[in-house]
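When we follow this note's numbering, the leftmost residue of the sequence shown carries the number -13, and every step to the right adds one. All remarks here apply to the structure that follows.
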Amino acid sequence: MGLERVEVENFKSYAGFHIIGPFDRFTCIVGPNGSGKSNIMDAVTFCLGIGSKHLRANNIRSLINGGSSHASVALHIEGSGERRVFKRRISSEGRSQYFVDSESVGYERFREVVEGMNLLVDARNFLVFQGDVNAIGNMMPMELTRVFEEASGSLKLKEAYEEKQRAQAKAVSECASLFEEKKEVMSRMKEAEEVREQEGEFRKLVERKHKVQRDIVLYELMEKRNKKKDISNEMLSLGQESRKMEELVCKKEKEVEKHRGRISEIRRRYFEADALVSKQKEVVAERRAWKSLGESERSKRRVRIAEIEMEIRAGQEMMGGKKREIERRRRDLAGVAEGYSELWREEEERKERLNGVKEKEEEIEKREKEFLRMCGEERERLNTLEMEEFPRQMMKDDCIRKIGNLKERSEELESMIKEKKMIRGNTGVKIDALERSSEELGRKILHHEEKYSRLISEEKEKNEELSWVLGEILRIKGKRRIDGRHSVIAGAVETLREMFPGVYGRVVDLIKPTRDKYEIALSVLLGGHDQSVVVDTEVTAMSCINFIKEKKLCKMTFVPLHSIRDQGDGRDVENAVEKYGEGVRRASDAVKYDGKYKKIVSFLFREKLIADSMEIAKDICYGRKIKVSVCTLDGIYIYGGGYLISGGGEGRNKFQEDELDELVKKRMRILDELRRIQDGKNELSHVEICRERMEVWKKSKELEMETLRELDSCIEDLELRIGENKRMLEETEECLKRTEEEMGQSEVYLKELRKKIEEVESSVFCGIFPNAYFGSFEEYKKARESEAFALKSMEYEGIKAKTELRIEMLEREVRDLEEETERLRREVEGLSKDPCRDEIDIDALDSELMILEEGRRKNLEAFKKARDEFKEINEEFKELVDRRNELDQQIIHSTSARERLEEEIKDTLSFAVLEEIDLPCAKRMSMGEISVDEIDFSGLEGSVSKLRKELEEINQKISSQAPVIRMEERDGDNARYMRISAEYEKRKAMAIAAKNEFNEVKKRRTHLFMECFEKVNKEISRIYKLLTMTETGEGNAYLVLENTAEPFREGIRFHLMPPNKRFREVRLLSGGEKTMAALSLLFSLHAYRPAPFYLFDEVDSALDKANVSKIVSFIVSCNAQFILITLKPSLFQHSDGLVGVYKDPREGVSKVLTYRLGD
């Protein structure tokens, strides 16, 4: 029931045709500012014809989007069991058309149908615009009275009330004018004695009439005076009781304030103790973490120191090797320098010898030519052989050089292997240190880790249990909403039973399960018929339906008992029951009921079975293909042998009460357990740090292992390279050996040739060689033609530069190693200084924590005890306040009754004055000054009924004699007196009729107003308590009339008492308190005349999360449809559906998206 959807076309920011909705029971409209959310509310306002001042538009034409020719809005509403479509269309000329269910109607008819669904156009009982909340909170008393007049409908009688009031005043004024004229005539008639003598009998009748009227007036005054005295006595008694109650309330309020101050102090102490405990826990956890971190850091430093010491040793060994190589290279450099000096000496000696034989050069040249002629062939053959021997010599030299290089390369590879093995050793030490540290730390945290893992597992279980409990709470709250509807139906059924004897009751009340285990299955099989109402005949059903429509009650289904034919179950049911025995039974056999409802039971459970298990149900429906409906004990329902419905669970059991309170308590227990687990985890937070440290060490170990594998691979590769180098060295040595053997074989022949040439040379150069400078011509020739000095000089220079470069590089490497070693030693010194050397006394901190926890526990116990005492005292205080309010209401009602009696007494005395009735008084005073307390009632005789009867007879006699008197005294004062008297009586009757009509309108207007006021006043107290309830108290609110006789003539004061505060007017509250008060008043007004739906525009803008949560809880608990325009996630996250509004950036128009959370 409510607003199903809104259809808009070219309305404000919505271009074209849009369907907004569907709307669920609790729907929120969301979107950014300026997107067009409030235009949806404007659309509803426009469609229902509410005043244009609420449409936020300059004129009616500005409601049409862009250049469109028209705009329209249609509302699809379900209410009071019927669906209606209301539509309003406006043209660009400003003309409006109204439609109801596609039928064009006038505005008056349109409004009549709208208000027939409790959508009050003037009172706007279903709409709350932006700013309405603050406006209500700031209303003056007379403005609040206006709100109640609109809500109650008494405002419609205002014109009639004022018109009747003016008519009454006019009639009384005319009566008074005629009375004065009558008095004047009577005075002249009294002067004429002869006239009085002629009218003796008539005068006696008039005098008797006055006496009877006086006695009737006296009886009426006496009765009213007695009632007034009774009411005054009652008011006196109530006033005394109220004053005593006020004293008790004040006394109890002081006691409450005292306890509130005490509980606030205890709460403050508890919170301080709790804060100290939390802080101490943080300190303990932090210190544990520090301690664990310190141990971890010390282990890490020890490992690092060992690594550094190994690096230092390795560096020292490398420095020693490099220094030895430097010494060797320096010795080699000294040998090179010595050889270079020897080369220069030989060169000087060669030049000196050549200079010694310079004088004989010509002779030597001649003999050289002779020598060449004599042994030219042998020399050519020798040169040829030497040329052939040169490649072998080159190969030999190359092999010797290559052997030297290979040996040097082998030494370098050996050095690299030694270095890699040293690094590998250091890496192995690191890995061993990491393993030892991990094992040591693992042993330390093993126990705590088991406890930590247990807490993690327990926390996971509790979170799962909490999720289940929260789901159950939401499910049961949803069921409560359904049960709320059921309670409404139950109340309506009770009303119908009192009015119509043929109403028997709801189905669920007329039948009961024979055994508890059948409850769920019967609930599923009943379906929607559990709330159906059983009546005797169709006539009774139609009477009930008409009554429900007239009173606008809830939607109900009626089952006429006499219209149902008992057809019984088919043969298939009999066969199934016989086949499975006790495993299957008829649903009708599982309920207890009065015999007269047998036809109803047969109708509801025809061809429906209850099976003990799902296997039996499936065999009946699917195996044997029997066309019956079967439900298992846990609620699995196979309908008509076809589709299967899962309908079980506690939520479908219509015979059990929900366990919401127990679930809420369970939720609190679980939350306490989770807090305890979290505290335990905080205490073991160092375990997580240690585990992280172990993970870091594990990764470091993996990296070191990877380094170790790389080193092993590198060493293996170097060993392979050494082997290959060794193989190459052996091959080169073998090659050298073969070359030397070949050269040895050629050397024999060369020696023979040289010997022959030397013999020829000795004979040719005899006398010249040998001499003091050269031993032979060959020696001279070599000295003369030698280029060895330049070659050897270049070779010496190259060897020297290479050796010096190598020495420089080695010295640089040694310096770098020395600097690195010094840096590592400084690092060792820094690591040896332990910043966490001071031990942290965890036991002392734990002892201090235990003391603080014990103090917190004592404070908590004191707080709980004080809270329980406060609750008891607060309950007593609320009972006293309720009793005082009840006494105040009684005093107000008594005051109103007394004022009405005083008004009636005043009217009666005015009547006596007009009729010139002399009332007996204890003191002599004029008629205008007479008080009812001064009247003497002792002379009264007879009864008032007899006096009224006698007055009627006298009036008849006077009327019968009046014409005679008029004929006899037609031209005299008597005739005038009779004419005036007749006119006076006529005017008096008109005045009385006007007064009665005025009183009737006043009574109806007062009744409508007071009916609304009393219900709203009752509801506002309940709703405000719900909206402001806290652990330590709740608020209270009530409305006070300034004029109880005519409440609409003066204002209404809105008083309330927020939690833990004193009573005050709503205008004096803070923003949030004023909003909650205004919303409670709005909800109370809506409860008076429930509408099909309620549409609120950002009523939560001034509320915090706590108050928004309370508003959401109230809305969820209400059996009504709420559509809220909001920007707060804390509100719309609880809704059943969302309508998202956004602005299309390209077209600049509003568009909507609908998201139903239930789907």
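Glycine included, every Cβ here is placed at the ideal spot set by N, Cα and C.
DSSP-derived helix/strand/coil call for residue i
{"i": "residue 128", "result": "helix"}
{"i": "residue 1056", "result": "coil"}
{"i": "residue 158", "result": "helix"}
{"i": "residue 1148", "result": "In the structure as shown, the chain starts at -13 and stops at 1145, and residue 1148 therefore has no counterpart that could be examined."}
{"i": "residue 316", "result": "helix"}
{"i": "residue 113", "result": "strand"}
{"i": "residue 939", "result": "helix"}
{"i": "residue 546", "result": "strand"}
{"i": "residue 841", "result": "helix"}
{"i": "residue 1012", "result": "helix"}
{"i": "residue 456", "result": "helix"}
For residue i, the residue or residues it bridges with in DSSP
{"i": "residue 245", "result": "Residue 245 pairs with nothing; no bridge assigned."}
{"i": "residue 492", "result": "519"}
{"i": "residue 1043", "result": "1022"}
{"i": "residue 597", "result": "570 and 618"}
{"i": "residue 5", "result": "-7"}
{"i": "residue 291", "result": "Answer is none; residue 291 lacks a bridge partner."}
{"i": "residue 1027", "result": "1038"}
Extent of the continuous alpha helix (DSSP H) run through residue i
{"i": "residue 602", "result": "600 to 604"}
{"i": "residue 608", "result": "Counting along the chain, residue 608 falls outside any alpha helix (DSSP H), and DSSP gives it neither H nor E."}
{"i": "residue 93", "result": "93 to 102"}
{"i": "residue 31", "result": "23 to 33"}
{"i": "residue 1091", "result": "1091 to 1103"}
{"i": "residue 349", "result": "347 to 360"}
{"i": "residue 1139", "result": "Premise fails: residue 1139 lies in the beta strand (DSSP E), 1136 to 1142, not in any alpha helix (DSSP H)."}
{"i": "residue 1087", "result": "Premise fails: residue 1087 is in no alpha helix (DSSP H) and is neither H nor E."}
{"i": "residue 82", "result": "Per DSSP, residue 82 belongs to no alpha helix (DSSP H); it is in the beta strand (DSSP E), 82 to 86."}
{"i": "residue 508", "result": "505 to 512"}
{"i": "residue 1117", "result": "1115 to 1118"}
Residue burial classification, residue i (beta-carbon count within 10 angstroms, cutoff 16)
{"i": "residue 19", "result": "exposed"}
{"i": "residue 1154", "result": "A query on residue 1154 cannot be resolved here, the shown segment of the chain reaching from -13 to 1145 and no further."}
{"i": "residue 868", "result": "exposed"}
{"i": "residue 1070", "result": "buried"}
{"i": "residue 511", "result": "buried"}
{"i": "residue 676", "result": "buried"}
{"i": "residue 836", "result": "exposed"}
{"i": "residue 642", "result": "Because the pLDDT at residue 642 is just 40, under 50, the model does not fix this residue reliably, and the point stays unresolved."}
{"i": "residue 987", "result": "buried"}
{"i": "residue 387", "result": "exposed"}
{"i": "residue 498", "result": "exposed"}
{"i": "residue 1139", "result": "exposed"}
{"i": "residue 908", "result": "Note that residue 908 scores a pLDDT of 49, beneath 50, so its modelled location is shaky; the value from the coordinates is reported in the next line. It counts as exposed."}
{"i": "residue 385", "result": "buried"}
{"i": "residue 489", "result": "buried"}
Whole-Å CB distance - residue i paired with residue j, under 8 Å assumed
{"i": "residue 259", "j": "residue 841", "result": "5 Å"}
{"i": "residue 1066", "j": "residue 1024", "result": "So it is not a contact: roughly 11 Å between Cβ atoms."}
{"i": "residue 107", "j": "residue 100", "result": "6 Å"}
{"i": "residue 76", "j": "residue 56", "result": "6 Å"}
{"i": "residue 221", "j": "residue 881", "result": "7 Å"}
{"i": "residue -8", "j": "residue 36", "result": "Not quite, the Cβ-Cβ distance comes to about 15 Å (not below 8 Å), so this is no contact."}
{"i": "residue 154", "j": "residue 981", "result": "5 Å"}
{"i": "residue 58", "j": "residue 870", "result": "Not a contact, Cβ separation roughly 56 Å."}
Residue i - containing beta strand (DSSP E), residue span
{"i": "residue -9", "result": "-12 to -3"}
{"i": "residue 589", "result": "Where residue 589 is concerned, there is no enclosing beta strand (DSSP E), although the alpha helix (DSSP H) it sits in stretches over 584 to 590."}
{"i": "residue 499", "result": "497 to 499"}
{"i": "residue 76", "result": "68 to 77"}
{"i": "residue 12", "result": "12 to 16"}
{"i": "residue 1108", "result": "1108 to 1111"}
Near the ligand GTP: residue i beta-carbon under 7 Å from a heavy atom
{"i": "residue 357", "result": "Looking for the ligand GTP in the displayed structure turns up nothing, as the structure carries no ligands at all."}
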